[in-house]
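Q: Below are the structure tokens for one structure; questions will follow.
Protein chains: 2
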Amino acid sequence: MQAEVQTRRSPNGTPDRPKGDLWTRSVLDRFEPFSCAVAIPRAQAIRGRADQAEFCWRILSGCVRTVEWLGGGRRQIGAFLWPGELLGIDDGSEHCTDAEAVTEVALRRYPRRMIETAAQNDTELALWLLTMTARELSSARQHIALLGHKTAIGKIATFLLAQDRRATSFERRFVELPMSRGDIADHLGLSTETVCRNLVHLQHIGTVRLSSSGIDLRDRVGLLKLAVE
Amino acid sequence: MQAEVQTRRSPNGTPDRPKGDLWTRSVLDRFEPFSCAVAIPRAQAIRGRADQAEFCWRILSGCVRTVEWLGGGRRQIGAFLWPGELLGIDDGSEHCTDAEAVTEVALRRYPRRMIETAAQNDTELALWLLTMTARELSSARQHIALLGHKTAIGKIATFLLAQDRRATSFERRFVELPMSRGDIADHLGLSTETVCRNLVHLQHIGTVRLSSSGIDLRDRVGLLKLAVE
DNA sequence: CGTTATCTTGAAAGATTTCAACCAATGTGG
DNA sequence: CCACATTGGTTGAAATCTTTCAAGATAACG
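In order, the protein sequences belong to chains Y and D.
Residue numbers are given in this note's numbering: position 28 of the first sequence equals residue 34, and the series is strictly consecutive.
Residue numbers are given in this note's numbering: position 11 of the second sequence equals residue 17, and the series is strictly consecutive.
Rendered as structure tokens:
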């Protein structure tokens, strides 16, 4: 994030770099010859603990979840990733985060090791990695605030608005929710039943309308009010 | 983190870089001429939202808390920082995180803007920033798992062990806890009373011994078992 | 079309918070 | 030096939220 700001200023006559997604594309394009397309069926693992550091992926279509396993079969879902987003670019080698396909997923796989090695002698690449990592950090902190201080209904409202923001750039109002209630629960630190009940409750008060493939946001202002609780 | 690993390998004949804290020192030493010493009294703000991006600090002595304000006077304490740790090096410009002195604090203040500008043309600097940010991200994710899936006693046990790991490198067994119960509560997503009760409970079962300035860890193994709950 | 997984709903159990009070330590002014 | 105010810590009891357990409904799938 901060790197992006700096870029815009072009200190010391540094050439302007393309911003945001454009920047990502221009960086990854250099590694396109070493990449390959991957298709993963629904509910399959994209990577296990083994090839942790070997690859990273760009999501072309579908939805991905990142999963961390805790003792006792409990799991924490870090995030849901959508087309255009990157997976595994910023993971430390220590943490064992798995990634699984929520829906059928099409990916492009890049050689992470090669990218990191190249970054050793390439400032632009290093700055890009920094920007990506800082972005992740920012959203991780937001999630911490959510988990630490929000009530169930607040968590769910926040989640719906977040999905709304990222997933539907065209078709307004309707949010696809391909993940299960259990997935949402493990993302928000709730039980499946609590997610269910609150979703139904939101429908009762007319804030949303549930359907099989997703959810229709009827009252974003109402959601926003609930989201702070 | 990943950058550090790469460094050890020295791909492409890249010169080895000092690791960990040594690396941090060697990087910051370059900016020493532009730094200055700061002393902050107990309970005072180190930075507000205003000078968000202007500076970063290295903690020389004392304990610092990072605070994010949510609606309704609620606050989330992101972390407690101890001597040797850095404050504000990896914050995005968007997020409004304050920092306050838990105890009297001595700091060295560095020009963050200058560092970031320099990183635009300095790969080592950029990689160092990347390493720092990735480290933050890693611990943020650990905290997410804690907040999402651990019970009160598990959160507190985890917290005590974490403080033990970082704060006391010499004096074994005893952990200083200069922060208030309320601080701990806002860090772990609990109420003051719950923190209190569980701390007392740990004392009752002989796992710890409370004192005015901190806590004596009697049974680390026991704590470790509780920490997964 | 039957089987399985997911979603929903209800009721009871459990954990944590809230409200309220009390205690201990600290600091201040008379 | 002491009464008093203030802050942070501790404890109790009731209220609240969420989970757990259990079962039925719905949707998905071979």
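Every residue, glycine too, gets a C-beta built ideally from N, C-alpha and C.
All figures in this text were calculated on a predicted structure; none of them were measured in a lab.
(1) Would you identify the three-state DSSP class for D/P117, choosing helix, strand or coil?
(2) Which same chain residues, not among the five before or five after Y/E122, have their C-beta less than 8 Å away from its C-beta?
(3) Measure from the alpha carbon of Y/A72 to the alpha carbon of each residue in D/A45, D/T129, D/A151 and D/S217, then state which is nearest.
(4) What first and last residue would you give for the beta strand (DSSP E) that runs through Y/S67?
(5) Does D/K231 pass the burial test, meaning 16 or more other C-beta atoms within 10 Å, or should it be called exposed?
(6) For D/V234, tell me which candidate among D/K156, D/V214, D/N127 and D/R179 has the shortest Cα-Cα distance.
(7) In terms of alpha-carbon separation, which member of D/L216, D/M138 and D/A168 lies closest to D/L28?
(8) Taking the alpha-carbon of Y/I46 as reference, which of Y/D35, Y/D225, Y/W63 and Y/I162 has the nearest alpha-carbon?
(9) Taking Y/G54 as the reference, which of Y/G90, Y/S32, Y/A107 and Y/R36 has the closest Cα?
(10) Which residues mark the beginning and the end of the beta strand (DSSP E) in which Y/S103 is found?
(11) Any beta-carbon of chain D closer than 8 Å to the one on Y/E60?
(12) Could you give the distance in angstroms between the alpha-carbon of Y/P117 and the alpha-carbon of Y/D104?
(13) Using the beta-carbon of each residue, which ones in chain D are nearer than 7 Å to Y/Q82?
(14) What do you reckon, are the CB atoms on D/I65 and D/L143 nearer than 8 Å?
(15) Under 8 Å between beta-carbons, which chain Y residues line up against D/E74? List them in chain order, please.
(16) With a cut-off of 8 Å on the beta carbons, I'd call Y/L229 and Y/L166 a contact; round off their distance for me.
(17) Between the beta-carbon of Y/L2 and the beta-carbon of Y/I162, is there less than 8 Å?
(18) What is the DSSP secondary structure of D/Q50, counted as helix, strand or coil?
(19) For D/S67, tell me which candidate among D/S218, D/A158, D/P24 and D/R48 has the shortest Cα-Cα distance.
(20) In the DSSP output, what is D/I83 paired with across the bridge?
(21) Distance, Cα to Cα, D/P89 vs D/I95?
(22) List the endpoints of the continuous beta strand (DSSP E) containing D/G220.
(23) Using the rule of at least 16 other Cβ atoms within 10 Å of the residue's Cβ for burial, across every protein chain shown, is Y/Q126 buried or exposed?
(24) Once you ignore the five residues that flank D/Q8 on each side, which residues in its own chain have a CB closer than 6 Å to its CB?
(25) Please classify Y/Q255 as buried or exposed, where buried requires at least 16 other C-beta atoms within 10 Å of its C-beta.
(26) So, for Y/S32: in the same chain, excluding its five sequence neighbours on each side, which residues have a beta-carbon less than 7 Å away from its beta-carbon?
(27) Compare the C-beta of D/L230 with all C-beta atoms of chain Y and state if any pair is closer than 8 Å.
(28) Considering just the uninterrupted stretch of the beta strand (DSSP E) at Y/E182, what are its terminal residues?
(29) Thinking C-beta only, is Y/C69 closer than 8 Å to Y/L87?
(30) In or out: D/E130 buried (at least 16 other Cβ within 10 Å) or exposed?
(31) Which residues in the same chain have their Cβ closer than 7 Å to the Cβ of D/S41, if we skip the five residues on either side of it in sequence?
(32) Please report how far the alpha carbon of Y/G26 lies from the alpha carbon of Y/Q169, in whole angstroms.
(33) Roughly how many whole angstroms lie between the Cα atoms of Y/G154 and Y/G84?
(34) Using CA atoms only, rank isn't needed, just tell me which of D/D222, D/I52, D/D35 and D/L194 is closest to D/H149.
(35) Helix, strand or coil: which one does DSSP assign to Y/L133?
(36) At which residues does the alpha helix (DSSP H) containing Y/L216 begin and terminate?
A: The short version:
(1) strand
(2) L135
(3) One detail in the question is off: residue 72 of chain Y reads as Thr in this sequence, not Ala. Residue D/A151 is the option with its Cα nearest to Y/T72.
(4) Per DSSP, Y/S67 belongs to the beta strand (DSSP E) from F61 to S67.
(5) With fewer than 16 other Cβ atoms within 10 Å, it is exposed.
(6) D/K156
(7) Nearest C-alpha to D/L28: D/M138.
(8) Y/W63
(9) The candidate whose alpha carbon is nearest that of Y/G54 is Y/A107.
(10) One point to set straight first is that residue 103 of chain Y is Thr, not Ser, in the sequence displayed. Run containing Y/T103: T103 to A107, per the beta strand (DSSP E) assignment.
(11) Interface annotation, Y/E60: not in contact with chain D, CB-CB separation never under 8 Å.
(12) 17 Å
(13) I150, A151, G154 and H155
(14) no
(15) R147 and A151
(16) 6 Å
(17) Within the shown structure, residues of chain Y are numbered from 7 to 235, placing residue 2 of chain Y beyond reach of any answer.
(18) coil
(19) Each of D/S218, D/A158, D/P24 and D/R48 was checked against the Cα of D/S67, and the nearest Cα belongs to D/R48.
(20) D/V73
(21) 15 Å
(22) Start and end: G220 to L223.
(23) buried
(24) A caution first: D/Q8 carries a pLDDT of 41, below 50, which makes its placement in the model unreliable, though a value can still be read off. Hits under 6 Å: none found.
(25) Residue 255 of chain Y falls outside the range modelled here, since chain Y spans only 7 to 235, and no answer is possible.
(26) For Y/S32, same chain residues with a beta-carbon under 7 Å away, outside a window of 5 residues either side, are P24 in chain order.
(27) no
(28) F180 to E182
(29) yes
(30) buried
(31) R114, R115 and Y116
(32) 19 Å
(33) Rounded to the nearest angstrom, the two C-alpha atoms are 15 Å apart.
(34) D/L194
(35) Looking at Y/L133 - three-state DSSP - the assignment turns out to be helix.
(36) Y/L216 -> not in any alpha helix (DSSP H); beta strand (DSSP E) instead, spanning V214 to L216.
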